[in-house]
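So the structure is just underneath, and the comments pick up after that.
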Amino acid sequence: MLGVIADDFTGASDIASFLVENGLSCVQMNGVPKAPLADKVDAVVISLKSRSNPVNEAIEQSLNAFNWLKANGCSQYYFKYCSTFDSTEKGNIGPVTDALLDALNDDFTVITPALPVNGRTIFNGYLFVGDTLLSESGMRNHPITPMKDANLMRLMDAQSKGKTGLVAYSDVIQGAARVKERFAELKAQGYRYAVVDAVDNAQLAVLAEAVADLKLVTGGSGLGAYMAARLSGGQKGANAFVPAKGKTVVLSGSCSVMTNKQVNAYKAKAASIYLDVESALTNANYADELYREVVKHLDEPLAPMVYATVPPEQLHEIQAKFGGDKASHAIENTFAKLAQRLKNEAGVVNFITAGGETSSIVVQQLGFTGFHIGKQIAPGVPWLKALDENISLALKSGNFGKEDFFEYAQGMLL
11 MLGVIADDFT
21 GASDIASFLV
31 ENGLSCVQMN
41 GVPKAPLADK
51 VDAVVISLKS
61 RSNPVNEAIE
71 QSLNAFNWLK
81 ANGCSQYYFK
91 YCSTFDSTEK
101 GNIGPVTDAL
111 LDALNDDFTV
121 ITPALPVNGR
131 TIFNGYLFVG
141 DTLLSESGMR
151 NHPITPMKDA
161 NLMRLMDAQS
171 KGKTGLVAYS
181 DVIQGAARVK
191 ERFAELKAQG
201 YRYAVVDAVD
211 NAQLAVLAEA
221 VADLKLVTGG
231 SGLGAYMAAR
241 LSGGQKGANA
251 FVPAKGKTVV
261 LSGSCSVMTN
271 KQVNAYKAKA
281 ASIYLDVESA
291 LTNANYADEL
301 YREVVKHLDE
311 PLAPMVYATV
321 PPEQLHEIQA
331 KFGGDKASHA
341 IENTFAKLAQ
351 RLKNEAGVVN
361 FITAGGETSS
371 IVVQQLGFTG
381 FHIGKQIAPG
391 VPWLKALDEN
401 ISLALKSGNF
411 GKEDFFEYAQ
421 GMLL
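Just so we're aligned, residue 11 is where the sequence shown starts under our numbering, counting upward by one.
Right, dumping it as structure tokens:
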């Protein structure tokens, strides 16, 4: 029924977990599959690595995913991006949304990154992180997509080819019929997109009903959860799996505020190895050196952690010295090489990663085609199990989870 195109891997597992929790059978595919889907499921989530790519690459990837989903019988499509609307003035959220609307021969959709359970809410079209405007949160210092404006209408207008209107809180609380009326009014006024206020889950439940007939929906995972509940008739899914105990490693590349707290909390309890950017750039054997250090600690009660996570001031120094893109690529490639050796030679079966870019590159390097969706560790962060191998992963977006996330995830293992 539902085909989801997600702009990064952790975002894909985020929405997939909410779909499963709310009664839909679902698989998550790593990139666009080369063959038709073998299993009959209610929803397919395709994870891309398109969030910070050049616009033309993001559009091409997204349209390839759309065409595959269409060929496999999807009747409604969901473009999933981060609940903090990670993008720049050039895209990629606006251009990809436009390309998908054009492919569907349609001219209207919604913009709803709200995820109240994780503190992302929208009021008067402004996006909040907790009780702070997006532009005043830690996202203002994001190394790739710094968010300097909290007004979703302005953000969307700057990167898209249409106009963005607002369905305000006062309309949403009147119910789905009123929201549909606002959609019609906005379309008649020439608007192509509608930002919809949502300060708690009640508004997302209303919106899920209101968008039932839209060909394309865009947003964070919050709305997806209520669309799933509506499609499943409110029935919860079967108990999701939990991975078995085994050799485990934590890989943290995110420099978000919460990941910094999580890394600091975990460093006090477990073996922790810092991934040095300069070494990653200049030492061709650096991943091998990290590997030898990690395997010394694989049999300890808590998994060893390799982290490139640093506070904002140190991140700025690294970017100034080495260049943001150059440093990021070096870190990602080192994590990828390290993960491959840990899987193939050290027998690691459980990977816990922090950061969308880190998670994406690790999954690509390990060569997984898709995943079954398991039990949630935190809202939007499930355990995943590879379709064809006995490997499990927990892939966390930067700001998700509580401070004890890394330890808590391991405590769930059976």
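C-beta atoms are modelled at their ideal positions from N, C-alpha and C, and glycine is treated no differently. Bear in mind that the values here come from a model prediction, so they are computed numbers and not experimental data.
Euclidean distance between Cα positions of residue i and residue j
i, j, result
"Gly-140", "Ala-396", "34 Å"
"Gly-256", "Asp-309", "9 Å"
"Ile-154", "Cys-265", "11 Å"
"Asp-112", "Phe-381", "30 Å"
"Asp-414", "Lys-158", "29 Å"
"Glu-13", "Lys-306", "Reading off the sequence, residue 13 comes out as Gly, not Glu. Cα to Cα, Gly-13 sits roughly 43 Å from Lys-306."
"Glu-367", "Gly-148", "18 Å"
"Phe-76", "His-326", "37 Å"
"Val-267", "Glu-219", "35 Å"
"Val-32", "Phe-95", "According to the sequence shown, residue 32 is Asn rather than Val. Distance between the alpha carbons of Asn-32 and Phe-95: 24 Å."
"Gly-175", "Val-182", "14 Å"
"Ile-103", "Ser-370", "18 Å"
"Thr-20", "Asp-167", "26 Å"
"Gly-411", "Ala-419", "10 Å"
"Leu-29", "Leu-424", "24 Å"
"His-152", "Thr-379", "29 Å"
"Asp-17", "Arg-240", "24 Å"
"Pro-156", "Glu-99", "10 Å"
"Val-54", "Pro-43", "11 Å"
"Ile-341", "Gly-129", "29 Å"
"Ala-222", "Tyr-236", "11 Å"
"Ala-280", "Pro-123", "35 Å"
"Ser-402", "Asp-207", "36 Å"
"Ala-48", "Asn-400", "19 Å"
"Val-373", "Leu-261", "12 Å"
"Ser-23", "Val-37", "10 Å"
"Glu-67", "Pro-311", "43 Å"
"Gly-72", "Phe-138", "Per the sequence shown, residue 72 should be read as Ser rather than Gly. Approximately 27 Å between the Cα atoms of the pair."
"Leu-224", "Arg-150", "32 Å"
"Cys-84", "Gly-101", "26 Å"
"Leu-233", "His-339", "32 Å"
Cβ neighbours of residue i in the same chain (closer than 6 Å, five flanking residues each side left out)
i, result
"Lys-209", "With the sequence shown as reference, residue 209 is identified as Val, and Lys is not the correct amino acid for it. Within the same chain, Val-209 has close Cβ partners Thr-131 and Phe-133."
"Val-127", "Pro-389"
"Gln-86", "Leu-12"
"Asn-409", "Ser-266 and Met-268"
"Gly-365", "Gly-263, Ser-264 and Gly-408"
"Asn-211", "Pro-126"
"Met-422", "Val-252"
"Gly-230", "Ser-93, Pro-123 and Leu-125"
Reference residue i, options the options, closest by Cα
i, options, result
"Phe-332", "Ala-349, Ala-290, Met-315 and Gln-350", "Ala-290"
"Asn-360", "Pro-314, Glu-342 and Lys-412", "Pro-314"
"Ala-404", "Thr-258, Gly-377 and Leu-312", "Thr-258"
"Ala-425", "Leu-137, Ile-25, Val-391 and Thr-142", "What the structure shows of the chain is the stretch from 11 to 424, and residue 425 is not part of that stretch, so it cannot be assessed."
"Leu-217", "Val-37, Leu-226, Gly-185 and Gly-230", "Gly-185"
"Pro-253", "Val-120, Asn-82, Ile-341 and Gly-384", "Gly-384"
"Ala-215", "Ala-340, Asn-400, Pro-322 and Leu-125", "Leu-125"
"Cys-92", "Leu-162, Leu-114 and Gly-41", "Leu-162"
"Asp-298", "Thr-344, Pro-123 and Asp-335", "Thr-344"
"Tyr-88", "Gly-101, Lys-347 and Ile-121", "Ile-121"
"Gln-213", "Tyr-203, Asn-270 and Ala-178", "Ala-178"
"Ser-27", "Lys-406, Glu-323 and Gly-421", "Lys-406"
"Gly-244", "Gly-229, Ala-330, Ile-387 and Leu-34", "Leu-34"
"Lys-50", "Leu-114, Leu-224 and Leu-79", "Leu-79"
"Ile-56", "Lys-90, Ser-242, Glu-70 and Pro-322", "Lys-90"
"Ala-346", "Leu-285, Glu-323, Gln-324 and Val-391", "Leu-285"
"Asn-115", "Phe-416, Tyr-136, Leu-226 and Glu-323", "Leu-226"
"Ala-278", "Thr-142, Glu-417 and Tyr-201", "Glu-417"
Contact with chain C by residue i, beta-carbon distance below 7 Å
i, result
"Glu-413", "In the displayed structure, chain C is absent; only one protein chain is listed."
Contacts around residue i, its chain only, beta-carbon distance under 8 Å, and the 5 residues preceding and following it disregarded
i, result
"Ile-283", "Leu-300, Glu-303, Val-304, Pro-314, Met-315, Val-316 and Tyr-317"
"Lys-8", "This structure does not reach residue 8, given that the chain is present from 11 up to 424, and the question cannot be answered."
"Ile-328", "Val-287, Val-320 and Ala-337"
"Ala-204", "Phe-118, Thr-119, Val-120, Ile-121, Thr-174, Gly-175, Leu-176, Val-177, Arg-192, Phe-193 and Leu-196"
"Gln-350", "Gln-375 and Leu-376"
"Ala-160", "Tyr-136, Leu-137, Phe-138, Leu-143, Leu-144, Ser-145 and Glu-146"
7 Å Cβ shell around residue i - same chain, five flanking residues per side excluded
i, result
"Asn-74", "Val-42"
"Asn-270", "Thr-319 and Pro-321"
Could you check whether the region 290-301 touches the region 388-405, counting it as contact only if at least three pairs of C-beta atoms, one from each stretch, sit closer than 8 Å?
no
In chain order, which beta strand (DSSP E) runs of at least 3 residues are fully inside the region 34-89?
36-40 and 53-57
Quick one: any contact between the region 270-283 and the region 61-72, if contact means 3 or more CB pairs under 8 Å?
no
If we count Cβ pairs, one from each stretch, closer than 8 Å, do we get three or more for the region 167-176 versus the region 350-360?
no
So, does the region 97-112 touch the region 184-197, judging by three or more C-beta pairs under 8 Å?
no
Residue ranges of each alpha helix (DSSP H) run of no fewer than 4 residues wholly in the region 295-359, ordered along the chain?
296-305, 322-332 and 334-354
Ranges of the alpha helix (DSSP H) found wholly within the region 389-415, counting only runs of at least 4:
none
Where in the region 146-193 do unbroken runs of the alpha helix (DSSP H), each at least 4 residues long, occur, reported from the N-terminal end onward?
162-169 and 179-182
Ordered list of alpha helix (DSSP H) runs contained in the region 191-252, each at least 4 residues:
211-220 and 231-241
Quick one: complete beta strand (DSSP E) runs, 3+ long, within the region 91-135?
119-122 and 130-133
Which runs of the alpha helix (DSSP H), 4 residues or longer, sit entirely within the region 252-290?
267-277
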